[in-house]
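*Asks:* Would you mind keeping the following structure in view while I ask a few things?
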Amino acid sequence: MSDVLLEAKNITMQFGGLKAVDSLAFKIHKGQLAGLIGPNGAGKTTVFNMLTGVYQPTEGEVILEGQSIKGLKPFQISQRGIARTFQNIRLFKKLSVLDNVLIATHQHVKYSLLNSLLLTKSFTESEKNQKEKAMDLLKIFSLESKANELSSSLPYGQQRKLEIVRALATDPKIILLDEPAAGMNHSETHQLMDTIAKIREDFKLTVLLIEHDMKLVMGICENIFVLDHGMKIEEGQPAKIQNSKKVIEAYLGIEEA
Amino acid sequence: MQDFVQHLINGISLGSIYALIALGYTMVYGILKMINFAHSDVYMVGAFASYYVARWLGIDSNPSIGTLIILLLTSMFFCSLLGLLIERLAYRPLRNSPKLNILITAIGVSLFLEYGGQVVFGADPKVFPDVMKDFVLFSGAGIELTSFDITVLIVSILAMFALDFLIYKTKLGKAMRAVSSNPSVASLMGVNPDRIISFTFIVGSALAGVGSVLVGMKYPKIDPLMGMMIGLKAFVAAVLGGIGSISGAVLGALIMGLSEEMVVAYLSSTYRDALAFGILIVILIFKPAGILGKYSVEKV
Amino acid sequence: MFKAFKNPTLALIGLAIFGLGINFGFNDYIQLTVLFIMVNCILAMSLNLVNGYTGQFSLGHAGFMAIGSYFTAYSSTHWNIFPANLQFISAFLFIVGGGLLAAIAGFIVGLPSLRLKGDYLAIVTLGFGEIIRVALLNMDFLGGPRGYANIPSLGSFLSSYLFASLWILICLFTIWRVMQSSYGRGFLSVREDEIAAESMGVDTTKMKVRAFVMSSFFAGIAGSLFAHFTSFINPSSFTYLQSINAVIMVVLGGMGSLSGSIVAAIFITAFPEILRPLQELTHVDLRMVIYSLTLILMMILRPKGIFGELEITDVWRKYVRRSA
Amino acid sequence: MKNLFLSLILTLPLLAGCTKNNNEIAIGEFDSMTGSDATFGLSSNKGVRLAIDEINAAGGVKGKKLALTAMDDQGKNEEAVSAVTRLVTQTKVVAIIGGVASGRSKASAPVAQSHQIPFVSPASTNPDVTKVGDYVFRICFIDPFQGLVMAKFASENMKMKKVAILRDVKNDYSVGLADVFAQEFKKRGGEIVSDLSYQAGDIDFKAQLTQIRSKNPDTLYIPGYYTEVGLIAQQARQLGIKVPLMGGDGWDSEKLSEIGKEAINGNYFSNHYTTESTDPAVSDFIKKFKAKYNETPDALAALGYDAAKILAAAIERAPNLSGPAIRDEIAKTKDFGGVTGKITLNANRDAVKSAVVIQVDGKNRKFITTISP
């Protein structure tokens, strides 16, 4: 198959009468960093929820590496390689930073329940590897010193980073970042740009990004889709998007004649 | 065929009794998202309050409208007082602690009232005073319809409309709904959540008081454990109808009453309670929020 | 492999010594109370797996206990597959059988109801508990309302005690070890945020069913032991009040704390018995009144439960370090 | 402050130890003083206490006073087991009176049996109770006899052909009686037109009664407790069922007519004794009972009284206070002039005695006939 990793074929999401997303179609190529932008309420997070199976599209389907993921449950889709972060942080509050990441590695665990009872070698080894892998990931985001603290005790910016680490721990093929820079100051956003570039490098990852911070989007995205009222109104390189009349109208409203 | 009509009458009148108590559960759950297990025991205390006041006033053997009014007021007064006390002493300190803790406290209060009742009122069943003469409305061709069957139904329907009016049409109702969706924000808007919650308990408990007099009238045996089974059934009815929805409580109660009646009539009397629960489970699996309940989709 | 059995065997020896003390030091009445305490420990720990670690609210625990009780009662009076001197093996097998049957029931109850949340799940599990009780009431071959009499006991107090301690340790170490593994973290993730867990590749439904099946297995074990200790069971000892009792033990001990469940089980079983002399003095039975008052006060004074989320080991370390 | 408060409520009960001295003979009693069938336990306890006080007033037994320790089992089997275990091992009683409800007796009798402590049940009529062992006795007739009494009365005295049975499925006394009645009534050519059930604690029986009404039986046999029978009678009359109702000794309480009002009049039930009996011992017992508790004694109070008297007589006759000695003396009870009639204990330790059939007429109980085994 061509190097298209993820494709949405006219996916529609209807809540009662309202069409939150209306027959949206797009392709994301392997290794690409794509952006999904649009005014508030355009349906961006709904798209994410459809890609990850939290909502089942009322029409159309999502194709991952040529295979449709229609009707699959979120955990099956995650096991096929789509990982995500959430718009409003959904960490496991009363668990430690390390445990949050370890939960994401659960899908790769091979030992059975029984092994954990008898403390067999496969159990102890797998636990050790999992912990090592998690600590390495935390190191990348310099969170390893906080491994045993409760995730809810971390400052806001670090909680955002932990969500990304947790998503990475599922060994995804594509990672969906839902407003990762929200609430970050200028220097943190800059640091985030480098980190995203680095993880694309190290993990050969494809990234799909929802973001309002235009500097970040225009800075690192290779391809951008613009959504408004659930419909795709524009697609293309950052330069083309910046001066597309339709996009400006969508954001700033139509100039009074 | 007339047996079926008689079963219909029995089922509806049984259901309307569950409705009166279910309304209390739904109101408290609607506002506080809390199962008030002690509600059925407030109902029991209402029955005993009427019993003792009737004996004290010496009116326990001359049934008349006057007696009905006096006993209704007594029962509503004592139940509301008790409801207020329970909320103030047991539930208020736990206002924002986890749901399970509030539930255990509610169970504690319920056990306290039941076993305390056995110590204070004595464990032996007592006879509820004659409140009103039951006159036969219709009798013939194998169908017996007495005034008691109808009064309970009318009162529960009236209570439903009154509550609907209170909650959806009055300023106080708006405040109650505000507290129900978000107590802290409601207090920012000048609503005093504590007073609203106390008011909810007063109304819910008063309803239980009305229920205890009407049920006492029809089934004149009262004992400290009378609230247990009928409370469980009424609670299940409230959940069946969609906990938190006023009309849901009455609908669920009628379904509960009718299903129990038909189960005993046409299937087997020994499996009465089991099948009542069976029906509940089937409905909840297909309608997870109950028949009229609004299924809140969790925002991701 | 040997390492796996080190701590459990040490604990078993400790419990056995304690048992010898009870056997000679106290009369039958105290011994019977100790056996009931051990049954409640298993019941509370197993329910903690569902209500405490996985955050699901089950009110039907007594139903699974009843299944265990009745299976063991029926099997140990009708089938004797082993000659007399090997009775304890058949007793052990029947107890495990009781557990397995309860686990199957846990699976059947778990599947449909685990889509529901909070109060609705509580109601459905309560409904299943009542259905099991009413079904038992109508089964004549199990004695129906007459109950099931002369269930063989597990020999002297000491052998019953050893059986019970064996099962307490199996239950404790199973749950403890599982909670230390990735499956344990799976249970915790379901409690914390089901949607996030599902998006991270955790099959939350399977996790909930697994917790349910394991917990009903041990509830069945507790039921089997209960049958042997009282030698007469009837449906009215498995009402929803018994399930509520189990929930109280979990909440009082601390949700998500195994040692909390054990301490709470000891407290809740022993407390009414301690109050019994009070009743001889006042000729009025105040036990349940004081018990319910204690519940209310405990929930107000110590909402997190005796141990909160900590195990006794953490509490020990916390206080020891502070004083050292 | 919080921990102090917590520890206070935990240690409060420990202070209440129990005192014991040795110039008394400890007798144990256990019953349901709380819970669903609390009233039976309470009245039986009153009968026992009256008997014990009388015996102590007359100099006690073997020159020693009888010390009664009563315990409540809350109507739960495991509580009964704990109560009896405590009486036997902690209070070290020489004998136990107790267990009105058959369920509780069956659960706790094995404990007394294994400790060789005589166990006398005043009112558990279920046959399995005395099968537990040779230390377990009862001084009332058993269900098979009581069921036979009403079956005989219905078919022979009242010449009835069709009967509907309404039993309390949660109560083994009721199920036992209903089964025996059905058997005996069919043996006498009668027909059981319907056999429905309810659960103790229910308050609405119209569904069952409407079904029964469509079968128009000659009578309804309702072997439940008076707590439900009062309501059933009322609802039966409301549904236009006019035939007389029948039942067992579970009906016997003043509250039956208070709850049932006129609907209960004219119905029949079998019982252990009748207040109208001309026997001076009975009228004397009623006078003393009224003096002490100012209420008329029901059958359970009478049975409690007889049980205590029989036990005391056996202890008096016994050479020493050991379990086996007392057991043998109790077994020898023959033609004991009890308030509930002549009591003789047969080989399997049940009482062979006649039963009376009573008709309810408001507060008083009209004596109809006696049926002996």
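Residue numbers (this note's numbering), protein chains in the order written: chain A, 247 to 503; chain B, 2 to 301; chain C, 16 to 339; chain D, 93 to 465. All residues carry an ideal CB built from backbone N, CA and C; glycine is no exception. This one's a predicted model, so the numbers in the text were calculated from it and none came from an experiment.
Give the list of continuous beta strand (DSSP E) stretches no shorter than 3 residues that lie fully inside the stretch 154-197 of chain C.
*Replies:* Entirely contained in the stretch 154-197 of chain C, not one beta strand (DSSP E) run reaches 3 residues.
*Asks:* Return the first residue and the last residue of the beta strand (DSSP E) that A266 of chain A is part of.
*Replies:* As a working mapping, residue 266 of chain A is identified with position 20 in the first sequence. It spans L264 to H275 - the beta strand (DSSP E) in which A266 of chain A sits, taken as one unbroken run.
*Asks:* Please decide whether L252 of chain A counts as near chain C, where near means a Cβ-Cβ distance under 8 Å.
*Replies:* As a first step, residue 252 of chain A is located in the first sequence; it is residue number 6 there, counting from the start. For L252 of chain A, the answer is no, since every Cβ of chain C falls outside 8 Å of its Cβ.
*Asks:* Out of curiosity, what's the CA-to-CA distance linking K319 of chain C and Y92 of chain B?
*Replies:* Taking the first residue of the third sequence as 1, we reach residue 319 of chain C at position 304. Taking the first residue of the second sequence as 1, we reach residue 92 of chain B at position 91. Their Cα atoms are separated by approximately 16 Å.
*Asks:* Per DSSP, what kind of secondary structure is T258 of chain A in: helix, strand or coil?
*Replies:* For the purposes of this step, residue 258 of chain A is taken as the residue at position 12 of the first sequence. Here T258 of chain A sits in strand by DSSP.
*Asks:* Taking V308 of chain A as the reference, give the member of A:E495, A:A254 and A:L348 with the closest Cα.
*Replies:* Numbered from its first residue, the first sequence carries residue 308 of chain A at position 62. Nearest of A:E495, A:A254 and A:L348 to V308 of chain A, Cα basis: A:A254.
*Asks:* With a Cβ-Cβ cutoff of 8 Å, do V343 of chain A and L389 of chain A count as a contact?
*Replies:* Translated into positions along the first sequence, residue 343 of chain A becomes position 97. Translated into positions along the first sequence, residue 389 of chain A becomes position 143. Contact: yes.
*Asks:* Considering only the beta carbon of each residue, do G133 of chain C and L74 of chain C sit closer than 8 Å?
*Replies:* Position 118 of the third sequence, counting from 1, holds the residue named residue 133 of chain C. Position 59 of the third sequence, counting from 1, holds the residue named residue 74 of chain C. Going by C-beta atoms, G133 of chain C is not nearer than 8 Å to L74 of chain C.
*Asks:* Excluding sequence positions up to five away, which residues of its chain have a Cβ less than 8 Å from the Cβ of A59 of chain C?
*Replies:* For the purposes of this step, residue 59 of chain C is identified with residue 44 of the third sequence, where counting begins at 1. Excluding residues within five positions, the ones whose Cβ falls inside 8 Å are A261, M264, V265, G268, S276, I277, A279 and A280.
*Asks:* Within the continuous beta strand (DSSP E) that includes I10 of chain B, where are the two ends?
*Replies:* Against the second sequence, residue 10 of chain B aligns to sequence position 9. Per DSSP, I10 of chain B belongs to no beta strand (DSSP E); it is in the alpha helix (DSSP H), Q3 to L33.
*Asks:* Under 8 Å Cβ-Cβ, which residues of chain D neighbour F247 of chain C?
*Replies:* Taking the first residue of the third sequence as position 1, residue 247 of chain C is located at position 232. Neighbours of F247 of chain C on chain D, chain order: N169, V173, K198, A199 and P202.
*Asks:* Consider the Cβ of K262 of chain D: report whether some Cβ of chain C lies at a distance smaller than 8 Å.
*Replies:* The count along the fourth sequence starts at 1 and reaches residue 262 of chain D at position 170. Yes - at least one Cβ of chain C is within 8 Å of the one on K262 of chain D.
*Asks:* For Q451 of chain D, which of helix, strand or coil comes out of DSSP?
*Replies:* Mapped onto the fourth sequence, residue 451 of chain D falls at position 359. Note: Q451 of chain D maps to strand in three-state DSSP.
*Asks:* For D424 of chain A, write down the residues that DSSP places opposite it in a beta bridge.
*Replies:* The residue you call residue 424 of chain A lines up with position 178 of the first sequence. DSSP output for D424 of chain A lists A:I456 as bridge partner(s).
*Asks:* Does the separation of the CB atoms of K384 of chain D and L142 of chain D fall below 8 Å?
*Replies:* Within the fourth sequence, numbered from 1, the residue matching residue 384 of chain D stands at position 292. Within the fourth sequence, numbered from 1, the residue matching residue 142 of chain D stands at position 50. Contact: yes.
*Asks:* What's the C-alpha gap between I256 of chain B and L50 of chain C?
*Replies:* Along the second sequence, read from residue 1 onward, the residue named residue 256 of chain B stands at position 255. Along the third sequence, read from residue 1 onward, the residue named residue 50 of chain C stands at position 35. Cα to Cα, I256 of chain B sits roughly 44 Å from L50 of chain C.
*Asks:* Whole beta strand (DSSP E) runs in the stretch 237-296 of chain D with 3 or more residues, listed along the chain?
*Replies:* DSSP runs (the beta strand (DSSP E)) wholly in the stretch 237-296 of chain D: 254-260 and 283-290.
*Asks:* Can you tell me whether DSSP reads D123 of chain D as helix, strand or coil?
*Replies:* Sequence index remark: in the fourth sequence, residue 123 of chain D carries index 31 (1-based). It is a strand residue.
*Asks:* Do the stretch 287-300 of chain D and the stretch 266-275 of chain B make contact, defined as three or more Cβ pairs closer than 8 Å?
*Replies:* Output reads yes: the stretch 266-275 of chain B touches the stretch 287-300 of chain D.
*Asks:* Residues of chain C with a CB under 8 Å from the CB of D274 of chain B: which are they?
*Replies:* Position 273 of the second sequence holds residue 274 of chain B. Here the neighbours are E145 and V149.
*Asks:* Tell me where the beta strand (DSSP E) around V472 of chain A begins and ends.
*Replies:* Taking the first residue of the first sequence as 1, we reach residue 472 of chain A at position 226. First-last of the beta strand (DSSP E) with V472 of chain A: N469 to D474.
*Asks:* Which partner residues does G433 of chain D have in the DSSP bridge list?
*Replies:* In the fourth sequence, counting from the first residue as 1, residue 433 of chain D sits at position 341. Paired residue(s): D:G430.
*Asks:* Candidates C:S128, C:D329, C:I57 and C:L101: which alpha carbon is nearest G279 of chain B's?
*Replies:* Position 278 of the second sequence holds residue 279 of chain B. Closest by alpha carbon: C:S128.
*Asks:* With DSSP collapsed to three states, give me the class of Q345 of chain C.
*Replies:* This structure cannot speak to residue 345 of chain C, because chain C is shown only from 16 to 339.
*Asks:* Consider the Cβ of M163 of chain D: report whether some Cβ of chain B lies at a distance smaller than 8 Å.
*Replies:* The residue you call residue 163 of chain D lines up with position 71 of the fourth sequence. No, M163 of chain D lies away from the interface with chain B (no Cβ there is under 8 Å from its Cβ).
*Asks:* For M154 of chain C, count the other beta carbons within 10 Å of its own beta carbon; 16 or more makes it buried, fewer makes it exposed. Which is it?
*Replies:* For the purposes of this step, residue 154 of chain C is taken as the residue at position 139 of the third sequence. Exposed, because fewer than 16 other Cβ atoms sit within 10 Å of the Cβ of M154 of chain C.
*Asks:* Quick one, are the C-beta atoms of P202 of chain D and A187 of chain D less than 8 Å apart?
*Replies:* Position 110 of the fourth sequence holds residue 202 of chain D. Position 95 of the fourth sequence holds residue 187 of chain D. Their beta carbons are not under 8 Å apart, which means P202 of chain D does not touch A187 of chain D by this criterion.
*Asks:* Taking only three categories from DSSP, how would you classify F97 of chain C?
*Replies:* Sequence index remark: in the third sequence, residue 97 of chain C carries index 82 (1-based). Correct three-state label for F97 of chain C: coil.
*Asks:* Give the DSSP bridge partners of K127 of chain B, in chain order.
*Replies:* The count along the second sequence starts at 1 and reaches residue 127 of chain B at position 126. Bridge partners of K127 of chain B: B:I223.
*Asks:* Mind pulling the chain B residues with CB within less than 8 Å of I295 of chain D?
*Replies:* Position 203 of the fourth sequence holds residue 295 of chain D. Those within 8 Å of I295 of chain D in chain B are V216, Y220, K222, M227 and I231.
*Asks:* Count the other CB atoms, across all protein chains shown, that sit within 10 Å of the CB of K367 of chain A; report buried if there are 16 or more and exposed otherwise.
*Replies:* Position 121 of the first sequence, counted from the start, is the residue given in the question as residue 367 of chain A. Exposed, by the Cβ-count rule.
*Asks:* Between D:F459, D:N412, D:A373 and D:S414, which has its C-alpha nearest K434 of chain D's C-alpha?
*Replies:* Stepping through the fourth sequence from its first residue, residue 434 of chain D is reached at position 342. For the residues D:F459, D:N412, D:A373 and D:S414, the minimum Cα distance to K434 of chain D belongs to D:A373.
*Asks:* Identify every residue that forms a DSSP beta bridge with S362 of chain D.
*Replies:* Counting from 1 along the fourth sequence, the entry for residue 362 of chain D is found at position 270. DSSP output for S362 of chain D lists D:V449 as bridge partner(s).
*Asks:* Three or more C-beta pairs closer than 8 Å, one from the stretch 442-454 of chain A and one from the stretch 262-281 of chain A: is that the case here?
*Replies:* Yes, they touch.
*Asks:* Can you find a C-beta in chain C that's less than 8 Å from the C-beta of N102 of chain B?
*Replies:* Looking up residue 102 of chain B in the second sequence gives position 101. Closer than 8 Å to some Cβ of chain C, the Cβ of N102 of chain B qualifies, so yes.
*Asks:* With respect to the alpha helix (DSSP H) encompassing N456 of chain D, which residues constitute its N-terminal and C-terminal limits?
*Replies:* Residue 456 of chain D sits at position 364 when you count from the first residue of the fourth sequence. No alpha helix (DSSP H) holds N456 of chain D; the beta strand (DSSP E) holding it covers N456 to I463.
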